[in-house]
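Residue 1 is where the sequence shown starts when you use full-length UniProt numbering, and the numbers rise one by one after that.
Ideal Cβ positions, reconstructed from N, Cα and C, are used throughout, including at glycine.
These numbers come from a predicted model, not from an experiment.
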Amino acid sequence: MRAHNERLVLTLIRQVGALPKAEIARMTGLSAQTVSVIMRALEAEGLLKKGEPLRGKVGQPSVPMSLVAEGAYFLGLKVGRRSLELVLTDFRGTVVGRQAQAHRFPSPDAVVRFATGAMETLLADLPQDRRTRVAGLGIAIPFRLHDWPDLLALEPGAMDAWRDRDIAAEIAAQCSFPVFLRNDASAACGAELVFGDQNRPRDFLYFFMGFFVGGGLVLDNTLYTGRTGNAAALGSIPIGIEGTTVRQLVDVASLVSLEKALKEAGHPSEAIWAGCTVWDIPEPVLDAWLRQAAEGLAYAIFSSACLIDFESAMIDGWMPWPVRARLVDYTAEQLTRISIAGIDIPEVRAGTIGPDARALGAASLPLSERFLVDRNAFLKG
């Protein structure tokens, strides 16, 4: 119970910000004495610290407590179709170290080599006394990688090595801390829950635009991953059927489709993968892709809303903020043009994490496992 209550306090402060003991007791329902004991223990462990006293009220000034950035560290590995990235975050979720590597396509051997080498580099940069505070490694990876050689323009069988490899176990064998694994789009959605703006709906559908589009589903403030961990595989959702040919969201709303459009128009596609802060892409190509992607997203949102009555659809991805803003606007506009009886139109909003969502979502896995509880545990009005 004490461990649960400590997690409860840490979760609350992470979600709300610095709080005095009296407010923590009120919001959690714990007694003032219990909260005092917990706060002293967490402060002694270097996880919480006192802020400046809040004066101006009757009685003793209250002292807010906040997270200590150096209290714990977490590693997050993103396995992408075009690149690998490992980040090191502190207890507040700030990225304090990063290693990256581009590739034509991911192979299990290359991923394991990169992960072990990059971890060694990042941990070497930490002061010796902080290395023991690394609580774990999370891995965000597309599931069923062996199913996608065609869209990666690879020969058949090029991805077959992924069928029977457990890279989480292989990497864990070389680590002194636990390793966790989750579908990359679900991990990105998890980053929104842990590190994102907390002023959000309790139920929402989440899209992440990467090499392929993927998704996540949040119900009652909880990420739903399903029986196989691949729930809300939105890239696979059908958006059109002609005879026996099925058109999926992944065909129109993924960066690989933008890459294809650039090549067909005679333009280099490297601008997409070179960085995500600014894209040097001809406006006609970009606008056509955005409108096509928005149409696909709108149909996927309506199809999903027929099954689950969520309040909002959130869109994020590997793209500059202004480009993402246009995609959100186009999608909302497209939703108003589609007439479907009996369905309320969900709000469309931008995600708050951005391109780092998959890596941060991976880092959130050991953070959540060791330090957090379900957000609903302290929602008492």
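Practice problem: Taking P238 as part of the beta strand (DSSP E), name the residues at either end of that continuous run. | Solution: As a position in the sequence shown, residue 238 is number 238, starting the count at 1. Where P238 is concerned, the enclosing beta strand (DSSP E) stretches over P238 to E242.
Exposure label - T28; buried when at least 16 CB within 10 Å: Along the sequence shown, one-based indexing puts residue 28 at 28. So T28 counts as buried.
Given E192 as reference, the closest of V179, E170 and G215 once Cα atoms are compared: Position 192 of the sequence shown, counted from the first residue, corresponds to residue 192. Comparing Cα positions, the closest option is G215.
query: Contact check, G138 vs R182 under 8 Å by CB: the rounded distance?
result: If you number the sequence shown from 1, residue 138 lands on position 138. If you number the sequence shown from 1, residue 182 lands on position 182. Right, the Cβ-Cβ distance comes to about 7 Å (below 8 Å), so this counts as a contact.
ask   = From A363 to G243, what distance separates their C-alpha atoms?
value = Counting from one through the sequence shown, the residue named residue 363 turns up at place 363. Counting from one through the sequence shown, the residue named residue 243 turns up at place 243. Each residue's Cα considered, the two are about 43 Å apart.
- request: Mind checking who A89 pairs with in its DSSP beta bridge?
  value: Position 89 of the sequence shown, counted from the first residue, corresponds to residue 89. The question names Ala, but residue 89 is Thr in the sequence shown. DSSP, once it has assigned bridges, lists F74 and V95 as partnering T89.
**Request:** Output the distance between the C-alpha atoms of S186 and Q334, rounded to the nearest integer angstrom.
**Result:** The residue labelled residue 186 in the question sits at position 186 within the sequence shown. The residue labelled residue 334 in the question sits at position 334 within the sequence shown. Going from the Cα of S186 to the Cα of Q334 covers about 25 Å.
**Request:** State the Cα-Cα distance for the pair M1 and D90, rounded to the nearest angstrom.
**Result:** As a position in the sequence shown, residue 1 is number 1, starting the count at 1. As a position in the sequence shown, residue 90 is number 90, starting the count at 1. Its pLDDT being 49, under 50, M1 is placed unreliably by the model, and the measurement read from it follows with that caveat. Each residue's Cα considered, the two are about 26 Å apart.
**Buried versus exposed, by CB contacts within 10 Å (16 or more), A274** = Translated into the one-based positions of the sequence shown, residue 274 becomes position 274. The residue is exposed, with fewer than 16 neighbouring Cβ atoms inside 10 Å.
Boundaries of the alpha helix (DSSP H) in which M209 is found, first to last residue: Numbered from 1 along the sequence shown, position 209 holds the residue referred to as residue 209. Here M209 belongs to no alpha helix (DSSP H); instead the beta strand (DSSP E) covers F204 to M209.
Residue nearest to K49 in terms of C-alpha spacing, selected from L75, V37, Y299 and A18: Against the sequence shown, residue 49 aligns to sequence position 49. Of L75, V37, Y299 and A18, the residue nearest in Cα terms is A18.
Between which two residues does the beta strand (DSSP E) holding F371 run? Along the sequence shown, one-based indexing puts residue 371 at 371. Taken as a continuous stretch (DSSP letters only), F371 belongs to no beta strand (DSSP E), being part of the alpha helix (DSSP H) at A357 to F371.
Closer than 7 Å by C-beta to T277: which residues in its own chain qualify, once you throw out the five before and the five after it? Chain order, please. Here the question's residue 277 lines up with position 277 in the sequence shown. Result list for T277: P320, in chain order.
**Prompt:** Would Q248 be called buried (16 or more neighbouring beta carbons within 10 Å of its own) or exposed?
**Reply:** Against the sequence shown, residue 248 aligns to sequence position 248. By the neighbour-count rule (16 or more Cβ atoms within 10 Å), Q248 is buried.
query = According to DSSP, which residues form a beta bridge with A134?
reply = The residue labelled residue 134 in the question sits at position 134 within the sequence shown. Here residue 134 turns out to be Val, not Ala, going by the sequence shown. Per DSSP, Y73.
Cβ-based burial, A169 [other Cβ within 10 Å; buried from 16]: The residue you call residue 169 lines up with position 169 of the sequence shown. Exposed, because fewer than 16 other Cβ atoms sit within 10 Å of the Cβ of A169.
- prompt: When we look at the beta-carbon of A22 and count the other beta-carbons within 10 Å, is it buried (16 or more) or exposed?
  reply: Taking the first residue of the sequence shown as position 1, residue 22 is located at position 22. So A22 counts as exposed.
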